[in-house]
Amino acid sequence: MPSTGGRARALPGSAVDALRFVLDRGSPVPLYHQLAQQLEAAIEHGALAPGDLLGNEIDLSTRLGLSRPTVRQAIQSLVDKGLLVRRRGVGTQVVHSQVRRPLELSSLYDDLEAAGQGPSTRVLRNERVPASADVAAALTVPEGAEVVVLERLRSTHGRPVAYLRNHLPAGLLELDTGRLESTGLYRMLRAAGITLHSARQTIGARSATGEEAARLDEAEGAALLTMRRTAYDDTGRVVEYGTHVYRASRYAFEFQLLVRP
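The structure is reproduced here in structure tokens:
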């Protein structure tokens, strides 16, 4: 990557002294955008963690050799994305990174862990219940048949990201609450010798109900992403039916689109 006059400049502040930025003044990409991109990458990769301070705009502009309006524009673009926040008497602070999840048959826990997001789980419900009509249809069991329902709150860096509800056929495997809070459901399935093969999935969006907002630390009516998934093992058996909601402010699905030949 090209440098600013042949050398990179370090950002001030005890949390980010080791962080280095490289700005290309000859590039058609505006300097504010280059700085914003590198700050965002540092947040996403964990080099800047929630709570870290960036210092004030005057110090940043001086140490980076940029004008104050350039630094202010870069910071504002990340404030608008919800990655930074300006706090009176504190300064500009990292809030969190948005989780970007590839669209493939993987678990949220595994994806968050792979991204260095430090996932944690609180189990809200783990019990056997009669299957409702929609759950029975998804799991291909008779309506009223006994199934397991799990409700979990998944968080990163101490802040909630998703509320997960899963139904599984009764007798598929033992679902210990302690293990569910220390690992992911798909890991437990694999450990039990169940090979996940494929899934049908629908993604949507809607506003948060009051109960969902309270659980996810959002305002009632805030935007949520929704995901409905039915997963199958390598024998074609349905092993899991999930209906999940995610904070749109902290979560996104990524798609790779190819031109059909």
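Numbering that gives the first Met the number 0 applies: residue 0 is where the sequence shown begins, and numbers increase by one. C-beta atoms are modelled at their ideal positions from N, C-alpha and C, and glycine is treated no differently.
Sub-8 Å separation of residue i and residue j beta-carbons
i, j, result
"Thr176", "Ile202", "no"
"Leu152", "Arg214", "yes"
"Glu239", "Asn165", "yes"
"Glu211", "Tyr250", "no"
"Pro168", "Leu138", "yes"
"Val70", "Leu83", "no"
"Leu38", "Asn125", "no"
Local Cβ density within 10 Å of residue i, reported as buried at 16 or more and exposed below that
i, result
"Leu149", "buried"
"Arg199", "exposed"
"Arg100", "Low confidence applies here, because Arg100 scores a pLDDT of 49, under 50, leaving its location unreliable; read the following figure in that light. Result: buried."
"Ser13", "Unreliable placement is indicated for Ser13, whose pLDDT of 39 sits below 50; no coordinate value is reported for it."
"Leu10", "Its pLDDT being 43, under 50, Leu10 is placed unreliably by the model, and nothing is read from it."
"Thr194", "exposed"
"Gly241", "buried"
"Arg121", "exposed"
Best match in the options for proximity to residue i [C-alpha to C-alpha]
i, options, result
"Asp233", "Thr208, Arg246 and Leu188", "Leu188"
"Ala144", "Ala137, Thr155 and Val128", "Val128"
"Gly183", "Val21, Gly50, Leu65 and Ser119", "Ser119"
"Gly88", "Gly54, Gln75 and Thr155", "Gly54"
"His196", "Arg86, Val237 and Pro141", "Val237"
"Arg67", "Ser76, Tyr31, Tyr245 and Ala230", "Tyr31"
One or two residues paired with residue i in a DSSP bridge
i, result
"Pro159", "Ser154"
"Asp232", "Leu195"
"Glu145", "Pro129"
"Pro168", "Val146"
Beta-carbon separation (whole angstroms), residue i vs residue j, contact threshold 8 Å
i, j, result
"Ala204", "Gly220", "Rounded, the Cβ-Cβ distance is 13 Å, inconsistent with contact."
"Leu52", "Thr91", "7 Å"
"Ile74", "Glu56", "7 Å"
"Ala132", "Val140", "Not really, about 11 Å apart at Cβ, beyond 8 Å."
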